[in-house]
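Here is the structure we will look at.
Residue numbers (our numbering), protein chains in the order written: chain A, 1 to 312; chain B, 1 to 211.
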């Protein structure tokens, strides 16, 4: 009986786990010679910045049950309400700022420097479902379609801005599909939702992150939001534009990595000079400029951390 | 035997719950919103003293709703909730029906046709309207409108309004999501109502006659 219960509970986890793919997959070198053109799609369901709200874990800590679950729901409701109230001045100051456009522009600009990608259209889709992303591939006439899915948020204290962009490049012609074998060929004619943008047929995959700190950051959320919002959101506008530019540059650089660099990128870096840890993942500094440091994390993903955020 | 049956029931329930939760994650059926605004029940979104009061000055504030435009890149998209897209049937009709509901304020009279010189003319732009999940069980709706106020062919000013509503999501989210959008729009319209009346007052004190 116990094994039946364990099976029942573990089954969904195993099914989900089976779908999990590593966050970093380098582009095969041969792909560069056969990419005829690339359309860029930003699946962006986000409309405005938000404050990250950690989930209450009373039920998990107490072993479950209805009452702890209700307590969690109540706590989450209060936290959500406070966070939404706190971020309102910042949203109001950014009413005329379109992050999707900023990121799309930076991606177009940076990827245009990668000559073999032959970047064409850049478009935004606001409905992010497997049907919608499949449709974007089907409707594209390019040989490859690059998806860049952004998420930008403030930390719960409002003292840090996090931007992350999940990038995947999918084949859209026979030559590129051949690089991914039978799965990609089958996906091209399949009508199953999500088949054309299934992670296992991506030619390239990575997550690019950007982290920055509020001007004069404190542990007081309202003060931090006020600092980001001052002067019609000048600090936030500036840092979001910088974040979009850095992410686009990291992507262009990563796509052009040499085989030696790819081997180094996928090698676990344990300890040594330039070591840094970001959100619990260790990595090494691979670039420095006036704004901050570029870091390659041990899972292959990349991050740009501004100087102020590094000093923390 | 009773204990065994109970255990089996619990296990079956756990199995079903697990599989249902998995199915819920995979469900991407759109939530489709109504094209009609329904004022939230139990919420006083207009000044109570003036709702259907019909007292002095009733209908004195003539409003001409000249235009409503949806400036968003995808007028159908109203955000995502629990992995499900939320879609508008007709975002402009929904906003228009919200403004129509302002006539519940006895001081305001919405007029059709050509605007008279003394009428307050409103041009409305929908800048943002979306729902997003904040935690696993909470949702937040935001609506942002810009209203341009004109009178006698001249621009008076423009204002940006935000309405929001956040709440727990208990069920499948459909009626709850609709209610959140209506509540957020009602909150916003409450402020618009106040500003309309203030502008009517300014116009009237400048010499316009009560109609």
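By construction, the Cβ of each residue, glycine as well, lies at the ideal position given by its N, Cα and C atoms.
- Within the stretch 133-147 of chain B, the residues whose Cβ lies closer than 9 angstroms to any Cβ of chain A are, in chain order, 134, 135, 136, 137, 138, 139, 140, 142, 144, 146.
- For the options 302/A, 52/A, 126/A, the alpha carbon positioned closest to that of residue 85/A is the one of 52/A.
- DSSP, read as helix, strand or coil, puts residue 125/A in strand.
- At the C-beta level, residue 64/B and residue 121/B come within 7 angstroms of one another.
- DSSP, reduced to helix, strand and coil, places residue 68/A within a helical segment of the structure shown.
- Within chain A, no C-beta atom comes nearer than 8 angstroms to that of residue 155/B; the closest sits roughly 18 angstroms away.
- Taking a contact as a CB-CB distance under 8 angstroms, the pair residue 97/B and residue 181/B does not count as one, their CB atoms being some 12 angstroms apart.
- With 16 or more other Cβ atoms inside 10 Å of its own Cβ, residue 46/A counts as buried.
- At a cut-off of 7 angstroms between beta-carbon atoms, residue 127/A makes contact with chain B.
- Around the beta carbon of residue 209/A, 16 or more other beta carbons sit within 10 angstroms, so the residue counts as buried.
- Contact of residue 193/B with chain A is not assigned, every C-beta pair being separated by 7 angstroms or more.
- At a cut-off of 7 angstroms between beta carbons, residue 78/B makes no contact with chain A.
- Buried is the label assigned to residue 160/A, since at least 16 other Cβ atoms lie within 10 Å of its Cβ.
- In this structure, the beta-carbon distance from residue 227/A to residue 243/A does not fall below 7 angstroms.
- Contacts between residue 73/A and chain B, judged by CB atoms closer than 7 angstroms, involve 137, 168 in chain order.
- Look at residue 279/A here: in three-state DSSP terms it is coil, with no helix or strand label.
- With respect to the 7 angstroms criterion, residue 137/A and residue 251/A are not classified as neighbours on the basis of their beta carbons.
- Against chain A, a Cβ distance below 7 angstroms from residue 73/B picks out 124, 126.
- Judged by DSSP secondary structure, residue 134/A falls within the alpha helix (DSSP H) whose first and last residues are 130-139.
- In this model, residue 116/B and residue 60/B are separated by some 13 angstroms (Cα to Cα).
- Looking at the DSSP output, residue 137/B shares a beta bridge with no other residue.
- Ranked by Cα distance from residue 117/A, the options 296/A, 97/A, 171/A are led by 171/A.
- If you ignore the 5 residues before and after residue 225/A, its C-beta comes within less than 7 angstroms of the C-beta of 86, 87, 89, 90, 158, all in its own chain and listed in chain order.
- For residue 81/A, the closest of 168/B, 48/B, 69/B by C-alpha to C-alpha distance is 168/B.
- Judged by DSSP in its simplified three-state form, residue 48/A adopts coil rather than helix or strand.
- Of the residues 162/B, 47/B, 113/B, 136/B, the one whose Cα lies closest to the Cα of residue 54/A is 136/B.
- Nearest Cα to residue 191/B within the set 171/B, 162/B, 175/B, 178/B: 162/B.
- Scanning its chain for C-beta atoms nearer than 8 angstroms, with the 5 sequence neighbours on each side dropped, one finds around residue 71/A the residues 56, 58, 59, in chain order.
- Using a Cβ-Cβ cut-off of 7 angstroms, residue 247/A does not count as an interface residue toward chain B, since no Cβ of chain B sits closer than that to its own.
- Any Cβ of chain B closer than 7 angstroms to the Cβ of residue 45/A would place that residue at the interface, and such an atom is present.
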